[in-house]
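Inspection log for the structure reproduced underneath, given as structure tokens.
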Amino acid sequence: MTDVTVLDEIEQDGRSTQEILLNLGPQHPSTHGVLRLVLELEGEYVARIDPHIGYLHRGTEKLAEDFTYTQIIPLTDRLDYLCPPSTNQAFVLAVERLLGIEAPQRAQYIRVMMTELSRISGHLL
């Protein structure tokens with residue numbers, strides 16, 4: 054049989070765990086390029102995390118100041134690269150509500166289908 058060393062026994066023996074500085078992202082597959090984490094590990098425990106966000110920031114709000122509502126729609130594609138139809142729909146629904154416009158029922162059905170298909174494809178990644 055093999056002996057199993059319990060973590061508490063290691064700490065009581067005076068053996069120290071090695072501190073590791075781990076750079077996770079932004080090219081790591083789990084972060085999808087939107088986040089970088091600098092992790093400070095003590096053995097198997099995370100001692101500190103330093104998040105760096107904003108890797109997909111493109112200044113969309115500033116660009117939108119000079120555009121018409123229809124010109125902003127291609128910009129909303131880039132807000133969420135996994136499911137662009139969802140961000141398009143959110144923007145269009147907000148503009149329609151502000152202007153007091155209601156889309157035809159057929160368009161509403163198509164929007165829901167596109168949003169659900171993009172949500173499913175986003176979950177498959």
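Residue numbers for the sequence shown, in this note's numbering: 54 to 178. Every residue, glycine too, gets a C-beta built ideally from N, C-alpha and C.
So within the segment 80-158, which uninterrupted alpha helix (DSSP H) runs reach at least 4 residues, ignoring any that extend past its ends? 113-117, 122-129 and 137-152
Can you tell me which of L109, H176, V145 and L151 puts its alpha carbon nearest to the alpha carbon of A160? Taking the first residue of the sequence shown as 1, we reach residue 160 at position 107. Cα-wise, what sits closest to A160 is V145.
Does the segment 95-105 touch the segment 129-148, meaning 3 or more C-beta pairs lie closer than 8 Å? no
Spell out a yes or no on whether the segment 87-96 and the segment 70-79 are touching, meaning 3 or more CB-CB pairs, one atom from each, closer than 8 Å. yes
Span separating the alpha-carbon of S174 from that of C136: Here residue 174 refers to the residue found at position 121 when the sequence shown is read from its first residue. Here residue 136 refers to the residue found at position 83 when the sequence shown is read from its first residue. Taking the straight line joining both Cα atoms gives about 8 Å.
Nearest candidate by alpha-carbon position, reference I163, set L152, H110 and Q142: The residue you call residue 163 lines up with position 110 of the sequence shown. It is Q142 whose Cα lies nearest to the Cα of I163.
Given that a residue counts as buried once 16 or more other Cβ atoms are within 10 Å of its Cβ, and exposed if not, what is T121? Along the sequence shown, read from residue 1 onward, the residue named residue 121 stands at position 68. When all chains shown are included, T121 counts as exposed.
Thinking C-alpha only, which one of T113, R89, Y108 and L178 is nearest T140? Numbered from its first residue, the sequence shown carries residue 140 at position 87. That would be T113, whose Cα lies nearest to the Cα of T140.
Does the beta-carbon distance from P127 to S171 come in below 8 Å? Locating residue 127 in the sequence shown gives position 74, where the first residue counts as 1. Locating residue 171 in the sequence shown gives position 118, where the first residue counts as 1. Contact: no.
Among residues of its own chain, excluding the 5 on either side of T168, which ones have a beta-carbon nearer than 7 Å to its beta-carbon? Taking the sequence shown and counting its residues from 1, the one referred to as residue 168 is at position 115. Same-chain partners within the cutoff: P138, S139 and Q142.
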